[in-house]
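There are 2 protein chains.
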Amino acid sequence: MQKQETLTKNQKIILDLIEKSDQPLKAYSILFDVKKKGINAPLQVYRALKKLVKIGKIHKIESRNAFIACKNSKCQIAKATIFSICESCEDVTEIHDHKLSEHLRDFKDNKGMKYNKYNLEFFGLCKKCV
Amino acid sequence: MQKQETLTKNQKIILDLIEKSDQPLKAYSILFDVKKKGINAPLQVYRALKKLVKIGKIHKIESRNAFIACKNSKCQIAKATIFSICESCEDVTEIHDHKLSEHLRDFKDNKGMKYNKYNLEFFGLCKKCV
DNA sequence: TAACGCTGTGTAATAATATAACATTTATAA
DNA sequence: TTATAAATGTTATATTATTACACAGCGTTA
Ligand SMILES: [Zn+2]
Ligand SMILES: [Zn+2]
Ligand SMILES: [Zn+2]
Ligand SMILES: [Zn+2]
């Protein structure tokens, strides 16, 4: 059984917003949207984002400084993320590929480093933009 | 034969600095260091960084907003980068693993997306920090 | 109960990262 | 030569993210 996190009011408001979008949202765009719900300052947004990332409800797209909801119950540990990003329309999709995930999970370098997380971003052109 | 890029003065100054460091440097720390050489504004740094990334002389560590020199003549296309990052001491190493690179290069999703680039960052604890 | 640690809140200020706009200069190509 | 692309220098500004501080709520435990 997985521990069910209880989200606070601010966290819920922000998660709701991100989940309603199928594309990544930026922190200040989130801030703009939640002002009507009483969230007034950047820090309130960043604090909620940090928690949501930590518990795996959302992921940060590092190359875009944006946040997207995770739709895969299996990666809610936030430790293994793969995305494809269209450099033309900026469409982002989370990739779930068993073989690739396995390969990455099992990767060992020759420096004795102990990994506990990875993030992979593929860039290219989506079908619509080719 | 590979086309040898001719770097401009600013680009050379900034590449030199980054190559002398074995760890990633941040843009404003670079700016601070090159002020004595007549580079005065952030934009001058960011323009040089952009070019150097484009020609593969340096890579951006996206999760850290920092830039590291590429020591591998083979990835000077800047299209296929893998890094390991220690979350304790922030040590960054570029990884060259033939099998993993091959796997990533050959990866195809089921959406018909055409990839031309990827960036992979592993996080964990290095030998010293375990 | 009271004291404590932990997490979250609200607010203000500020730090850190990155780009826009403009005039000019330099390098390369036709 | 002309023209065209790439780089420069400068000022201003936009965007992203954190520090600092006072306080509130909650569960643990002395
Ligand atoms: Zn996910
Ligand atoms: Zn697209
Ligand atoms: Zn490289
Ligand atoms: Zn370390």
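Respectively, the protein sequence lines represent chains A and B. For the record, in the first sequence the residue sitting at position 36 is 36 according to this note's numbering, with numbers rising by one throughout. For the record, in the second sequence the residue sitting at position 78 is 78 according to this note's numbering, with numbers rising by one throughout. All residues carry an ideal CB built from backbone N, CA and C; glycine is no exception. Source: prediction; values computed, not measured.
- In the structure shown, Ser-84 (chain A) adopts extended strand secondary structure according to DSSP, grouped into three states.
- Residues of chain B with a Cβ closer than 7 Å to the Cβ of Glu-62 (chain A) are, in chain order, Glu-62 and Ser-63.
- Taking the Cα positions, Ile-14 (chain A) is about 21 Å away from Lys-79 (chain A).
- Of all alpha-carbon atoms in A:Tyr-118, A:Cys-129 and A:Lys-127, the one lying nearest the alpha-carbon of Glu-62 (chain B) is that of A:Tyr-118.
- When the Cα atoms are used, Lys-9 (chain B) and Lys-71 (chain A) turn out to be separated by approximately 48 Å.
- Proximity of chain A to Glu-121 (chain B) at the Cβ level (cut-off 7 Å) is accounted for by Tyr-118 and Asn-119, in chain order.
- Boundaries of the alpha helix (DSSP H) around Phe-32 (chain A): 27 to 34.
- Counting other Cβ atoms within 10 Å of its Cβ, Glu-121 (chain A) reaches 16 or more and is therefore classed as buried.
- Taking all protein chains shown into account, Pro-42 (chain B) has fewer than 16 neighbouring C-beta atoms within 10 Å of its C-beta and is therefore exposed.
- At a cut-off of 8 Å between beta-carbon atoms, Leu-125 (chain B) makes contact with chain A.
- In the DSSP assignment, Asn-40 (chain B) falls outside any beta strand (DSSP E) and carries neither an H nor an E.
- Going by DSSP, Ile-61 (chain B) is part of no alpha helix (DSSP H) but of the beta strand (DSSP E) stretching over 58 to 61.
- When rounded, the separation of the alpha-carbon atoms in Val-45 (chain A) and Arg-64 (chain A) is 17 Å.
- Listed along chain A, the residues sitting closer than 8 Å to Tyr-115 (chain B) by beta-carbon distance are Ser-84, Phe-122, Phe-123 and Gly-124.
- With contacts defined by Cβ atoms closer than 8 Å, Lys-111 (chain B) and Cys-126 (chain A) form a contacting pair.
- Residues of chain A with a Cβ closer than 8 Å to the Cβ of His-103 (chain B) are, in chain order, Leu-100 and His-103.
- For Glu-102 (chain B), the three-state secondary structure derived from DSSP is helix.
- Inter-residue distance for Asp-106 (chain A) and Lys-108 (chain B) is about 20 Å (C-alpha atoms, whole angstroms).
- In this structure Asp-97 (chain B) touches Ile-82 (chain B) by the C-beta definition: roughly 7 Å separates them, less than 8 Å.
- Below the 8 Å Cβ cutoff, chain B contributes Ser-84, Thr-93, Cys-126 and Lys-127 as neighbours of Lys-111 (chain A), in chain order.
- Under the three-state reduction of DSSP output, Ala-78 (chain A) falls in the coil class, being neither helix nor strand.
- The Cβ neighbour count for Asp-16 (chain B), taken over all protein chains shown within 10 Å, is under 16; the residue is labelled exposed.
- Straight-line spacing of the CA atoms in Lys-35 (chain A) and Ser-29 (chain A) works out to 10 Å.
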